[in-house]
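There are 2 protein chains.
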Amino acid sequence: MQRISTLEVRACVGERVRVKGWLQSLRQMGGINFMVLRDGWGTLQAVAEIGAESAPLVESAAGVESVIAIEGDVVEMPRAPGGIELHNLRIEVVSPVTEVLPVSLNKRKMAANLTTLLDHAVITHRNPERRAMLRLGAGVMAAFRAVLVTRDFTEIQTPKIVAAATESGANVFKLDYFGRPAYLAQSPQFYKQILVGVFERVFEVGPVFRAEPHDTTRHVNEFVSLDAEFGFIENHFTVMALLRDVMAGIIAHLRESYAAELGLLHVVMPVVPEKIPHIHFSDAQELILQRHGVDVRGEPDLSPQDERWLGEWAKEEFGSDFLYVTGYPMRKRPFYTHPDPERPEYSNSFDLLFRGTELVTGGQRLHRYADYLAALEKAQLPVEPFESYLEAFRYGMPPEGGFAIGLERLLMQLTGIPNVRLATTFPRDMNRLTP
Amino acid sequence: MQRISTLEVRACVGERVRVKGWLQSLRQMGGINFMVLRDGWGTLQAVAEIGAESAPLVESAAGVESVIAIEGDVVEMPRAPGGIELHNLRIEVVSPVTEVLPVSLNKRKMAANLTTLLDHAVITHRNPERRAMLRLGAGVMAAFRAVLVTRDFTEIQTPKIVAAATESGANVFKLDYFGRPAYLAQSPQFYKQILVGVFERVFEVGPVFRAEPHDTTRHVNEFVSLDAEFGFIENHFTVMALLRDVMAGIIAHLRESYAAELGLLHVVMPVVPEKIPHIHFSDAQELILQRHGVDVRGEPDLSPQDERWLGEWAKEEFGSDFLYVTGYPMRKRPFYTHPDPERPEYSNSFDLLFRGTELVTGGQRLHRYADYLAALEKAQLPVEPFESYLEAFRYGMPPEGGFAIGLERLLMQLTGIPNVRLATTFPRDMNRLTP
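Here the protein sequences come in this chain order: W and S.
With our numbering, the residue at position 274 of the first sequence is 274, and numbering never jumps.
With our numbering, the residue at position 79 of the second sequence is 79, and numbering never jumps.
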């Protein structure tokens with residue numbers, strides 16, 4: 001008999017079916033074995049009398065996480081999870097597990113500390129909540145691409161081994177490349193800008209590497225970056241309009257296609273306003289003085305507390321979970337940032353705050369060759385390592401800009417989990433290289 | 001006036017429009033400037049009298065690749081490329097290019113050697129043929145994902161910094177990870193297998209890194225791998241059936257959505273048969289003896305000449321550009337390969353040959369913990385570096401398998417270009433780390 005998925009079983013009440021998957025749980029009650037089988041789509045309860053029917057499990061000493069096949073009759077059973085279960089079973093053990101698991105998986109919340117969860121991520125990812133988190137990541141990537149493809153963006157894949165550090169010499173992993181030094185790309189920034197000169201509109205989903213020696217709940221040293229960059233923009237507001245649509249597309253896609261995962265993780269989904277409110281960096285500092293009596297004017301950046309206050313204000317004033325802060329001071333932004341033509345000490349860049357925490361950074365970049373030469377000189381950076389990059393601007397580039405979303409940070413903030421490592425498939429941090 | 005794309009101009013005959021892009025070519029003929037403007041969608045001819053109309057170009061000394069905006073009337077003109085052109089122009093120079101380009105781009109085939117092409121890839125990618133090649137890559141990635149998503153595969157992103165070499169200690173890039181040694185992943189093999197235990201069906205599109213010291217037309221040291229892996233297979237034939245559908249999906253999507261690129265590159269598109277013919281490794285060696293009088297029996301692998309002969313045979317016998325060779329000897333396959341239960345010196349693995357060259361490798365993997373322990377011992381590999389990986393099999397894994405397609409190799413073989421570097425966005429080889 002052909003195997004069907006647990007999802008398909010719901011349409012087969014009264015029929016005999018064959019399912020395959022992992023034995024997620026097994027308990028005995030009054031001479032009956034209650035089993036929950038989990039496959040790639042979901043779970044299904046199956047009920048067997050202890051004795052002949054359950055004999056294959058007993059004979060192979062198959063415990064939880066054993067891979068099994070079950071043939072049975074689909075019966076409506078209002079008390080069963082999902083309202084159906086399998087009876088009159090023929091059980092076949094495919095891969096018996098005879099050892100006790102290092103972590104018990106079949107509670108919704110696993111009773112294990114973070115280190116144990118991560119040490120055994122190979123197994124703990126099988127827990128429904130953990131699996132739901134990773135699946136949301138797949139949904140975010142798909143939605144990001146879908147929004148951009150419908151806007152004629154071309155997908156790119158740029159090299160991760162590079163000859164020079166992307167933005168500065170700091171925080172970069174060094175590599176032995178056939179006896180020469182090389183580095184891991186901190187971002188696809190330069191390459192996505194270069195490819196605006198080729199395709200006009202580009203995006204990339206790929207790993208980035210940051211050798212930041214920070215051991216915090218918000219840092220991992222390798223993460224997935226969702227990058228977009230495009231030409232013929234007016235200024236950073238064109239970029240902000242696109243990012244708004246990308247965020248709306250992601251939220252809509254998750255709502256539509258990941259309702260089960262969102263429910264399991266108790267995610268309070270935000271509404272993305274038609275137009276996300278925005279405030280200039282200098283006005284934000286004035287606002288903080290007025291509302292909270294704290295004078296942060298003159299500070300070159302916003303503190304986490306500043307961001308929380310601004311988030312509260314956006315919620316009160318506009319009912320919005322999202323807020324753009326624009327015009328960060330040039331001195332805190334990388335050399336390729338485009339200044340505000342009216343107030344050149346401020347930049348045409350922005351941060352998107354989500355519920356009072358920075359989620360996305362973006363902006364308009366320089367696009368004139370002469371501006372790059374001046375910016376490198378001002379930053380006291382040599383021209384030579386950037387020569388290939390500069391070629392793109394030397395030979396014609398329109399006004400352009402873009403943004404980068406950190407996939408794991410987005411999942412962390414959306415789901416409200418306390419540590420970005422729990423939104424990362426196999427996290428890399430200062431102390432962790434496995435699994 | 002709102003800018004529209006060159007693609008949209010075709011629907012605007014008789015109207016006045018505004019386009020923006022790069023000045024791809026500029027030639028004078030009888031007091032007239034013929035310009036070709038290129039944007040992210042295509043090209044458009046614009047015609048201006050030398051004098052007032054062309055003055056902005058002259059004043060800013062704007063040569064080819066300058067970024068310009070043109071307002072003009074859309075006129076049907078059968079002799080013009082695409083059958084339309086712009087008249088009565090108002091030209092605005094956005095970013096003038098006043099230097100001569102290092103490579104002339106506006107011939108279809110660029111007159112430059114490979115080194116120059118690659119040294120200036122930042123610019124040479126703007127050539128329509130080069131751009132078409134890279135765009136086909138985007139199409140392949142999108143089609144690969146689409147086929148798998150409709151079959152309920154979950155997209156994964158696995159770490160590229162790893163604690164131990166994936167398959168062997170050789171050909172791996174070594175990294176300084178906060179003072180500890182680490183490596184760049186040679187493939188997502190172990191992680192995709194692990195995640196079969198979580199999602200059952202997974203795929204990944206991402207970079208892989210091979211420190212192979214080979215300077216050939218078919219090798220680069222970083223490339224994009226399209227990986228799929230799934231559980232509850234019968235054997236490698238289940239994997240081959242999926243790969244057939246993936247290849248058919250890729251070819252169909254390119255035909256449908258990339259006709260212009262395929263035309264420009266003169267690609268002779270293959271037909272993917274409903275069922276790709278297959279031959280066992282040992283029968284393939286017998287066939288070569290019969291047809292060509294060369295006795296390669298006893299060889300552990302097929303040579304490029306063997307593959308060409310088999311490709312010719314598949315074309316003659318089945319009219320197929322594709323051929324599966326199954327059952328490669330175990331001793332030439334990695335330790336996780338599943339043996340043929342009937343003839344354990346042969347494996348449940350395959351290569352997909354396309355027009356007589358290996359294109360994809362895949363197969364069934366071991367799925368029982370005890371088999372892994374035995375395989376590692378036979379390969380004289382220690383267990384310890386593989387412990388996290390083995391956890392997946394220790395705690396229940398179904399029969400599973402998968403394959404990996406090298407994106408750039410696929411583009412190379414499909415388009416018939418002589419060097420894989422020309423199918424790579426920014427190639428990395430033994431001598432090249434830039435651009």
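The beta-carbon is built from N, C-alpha and C at its ideal position, and this holds for glycine as well.
> Can GLY406 of chain W and GLY362 of chain W be called in contact, C-beta distance under 9 Å?
Replying inline: no
> Using the C-alpha atoms, what's the distance from HIS280 of chain W back to ALA241 of chain W?
Replying inline: 16 Å
>> Quick check on MET438 of chain S - is its C-beta less than 9 Å from some C-beta in chain W?
In response: Outside the displayed range of chain S (1 to 435) lies residue 438 of chain S, so it cannot be described from this structure.
> Listed from N- to C-terminal order along the chain, which residues in the segment 31 to 47 of chain W have their beta-carbon within a distance smaller than 8 Å of any beta-carbon of chain S?
Replying inline: For the segment 31 to 47 of chain W, residues whose beta-carbon sits nearer than 8 Å to a beta-carbon of chain S comprise ASP39, GLY40 and TRP41.
> So is VAL100 of chain W buried or exposed if we call it buried at 16+ other beta carbons inside 10 Å?
Replying inline: exposed
> Per DSSP, what kind of secondary structure is MET29 of chain W in: helix, strand or coil?
Replying inline: strand
>> I'd like to know if VAL67 of chain S contacts chain W, where contact means its C-beta is closer than 9 Å to some C-beta of that chain.
In response: yes
>> Counting only Cβ pairs nearer than 7 Å, list the residues of chain W close to ALA138 of chain S.
In response: THR154 and GLU155
> At which residue ranges does the segment 354 to 402 of chain S contain complete beta strand (DSSP E) runs of 3 or more residues, listed in the order of the chain?
Replying inline: 357 to 365
> In the DSSP assignment, what are the bridge partners of ALA69 of chain S?
Replying inline: S:LYS20 and S:GLU92
>> Considering Cα atoms alone, identify which of W:LEU264, W:VAL325 and W:GLY42 is closest to LEU359 of chain W.
In response: W:VAL325
> Helix or strand or just coil, what does DSSP make of ARG432 of chain W?
Replying inline: Correct three-state label for ARG432 of chain W: strand.
> Candidates S:ASN88, S:ASN127 and S:VAL94: which alpha carbon is nearest LYS107 of chain S's?
Replying inline: S:ASN127
> At a Cβ threshold of 9 Å, is PHE209 of chain S touching chain W?
Replying inline: yes
> Hey, quick one: how far does the alpha helix (DSSP H) through ARG201 of chain S stretch, first residue to last?
Replying inline: First-last for ARG201 of chain S: 201 to 209, but that is the beta strand (DSSP E), not the alpha helix (DSSP H).
> Does the beta-carbon of ASP39 of chain W have 16 or more other beta-carbons within 10 angstroms, so that it is buried, or is it exposed?
Replying inline: buried
> Between the beta-carbon of ASP306 of chain W and the beta-carbon of VAL296 of chain W, is there less than 9 Å?
Replying inline: Yes.
>> So for LYS332 of chain S, helix, strand or coil by DSSP?
In response: helix
> For the putative contact between VAL17 of chain W and GLY72 of chain W, defined by C-beta atoms under 8 Å, what is the C-beta separation to the nearest angstrom?
Replying inline: 7 Å
> Tell me the DSSP bridge mates of LYS174 of chain W?
Replying inline: W:TYR183
>> Any contact between the segment 375 to 395 of chain S and the segment 111 to 130 of chain W? By contact I mean 3 or more CB pairs, one from each, below 8 Å.
In response: The segment 375 to 395 of chain S is in contact with the segment 111 to 130 of chain W.
>> Measuring straight from C-alpha to C-alpha, what distance separates ASP152 of chain S and ARG244 of chain S?
In response: 17 Å
>> Report the CB separation of SER347 of chain S from GLY327 of chain S in whole angstroms; it is logged as a contact under 8 Å.
In response: Indeed they touch by this definition, with Cβ atoms about 6 Å apart.
> With C-beta atoms as the reference, is HIS87 of chain S less than 9 Å away from VAL36 of chain S?
Replying inline: Their beta carbons are not under 9 Å apart, which means HIS87 of chain S does not touch VAL36 of chain S by this criterion.
> Just the Cα atoms here: how many angstroms apart are PRO56 of chain S and VAL94 of chain S?
Replying inline: 10 Å
> Tell me the DSSP bridge mates of GLU76 of chain S?
Replying inline: According to DSSP, which records beta bridges pairwise, GLU76 of chain S is partnered with S:ILE84.
>> Which same chain residues end up closer than 8 Å to ARG135 of chain W when comparing Cβ atoms and leaving out the 5 residues on each side of it in sequence?
In response: TYR258 and GLU261
>> Below 8 Å on the Cβ atoms is my contact criterion, and I expect VAL75 of chain W with ILE84 of chain W to pass it. Report the Cβ-Cβ distance as a whole number of Å.
In response: 7 Å
>> Using only the alpha-carbon positions, how far apart do GLU5 of chain W and THR43 of chain W sit?
In response: Note that residue 5 of chain W is Ser in the sequence shown here, rather than Glu. C-alpha separation (whole angstroms): 9 Å.
> Along the chain, where does the beta strand (DSSP E) that runs through GLY231 of chain W open and close?
Replying inline: 222 to 231
>> Relative to the C-alpha of GLN364 of chain W, which candidate in W:PRO277, W:ALA370 and W:HIS338 has its C-alpha closest?
In response: Per the Cα distances, W:HIS338.
>> For THR357 of chain W, tell me which candidate among W:LEU376, W:THR238, W:MET330 and W:TRP309 has the shortest Cα-Cα distance.
In response: Nearest option by C-alpha distance: W:TRP309.
> Thinking just about the alpha-carbon of each residue, which of S:PHE318, S:ASN113, S:GLU200 and S:GLY179 is nearest to the one in VAL149 of chain S?
Replying inline: S:GLU200
>> Residues of the segment 169 to 185 of chain W in Cβ contact with chain S at a cutoff of 9 Å, in chain order, please.
In response: For the segment 169 to 185 of chain W, the beta-carbon criterion of a distance under 9 Å to any beta-carbon of chain S is satisfied by PHE173, LYS174, LEU175, ASP176, TYR177, PHE178, ARG180, ALA182 and LEU184.
>> Just to check my reading of the structure: LEU226 of chain W and PHE144 of chain W have Cβ atoms closer than 8 Å, yes? What is that Cβ distance to the nearest angstrom?
In response: In this structure LEU226 of chain W touches PHE144 of chain W by the C-beta definition: roughly 5 Å separates them, less than 8 Å.
>> Tell me the rounded alpha-carbon separation between ILE276 of chain W and ALA228 of chain W.
In response: 19 Å
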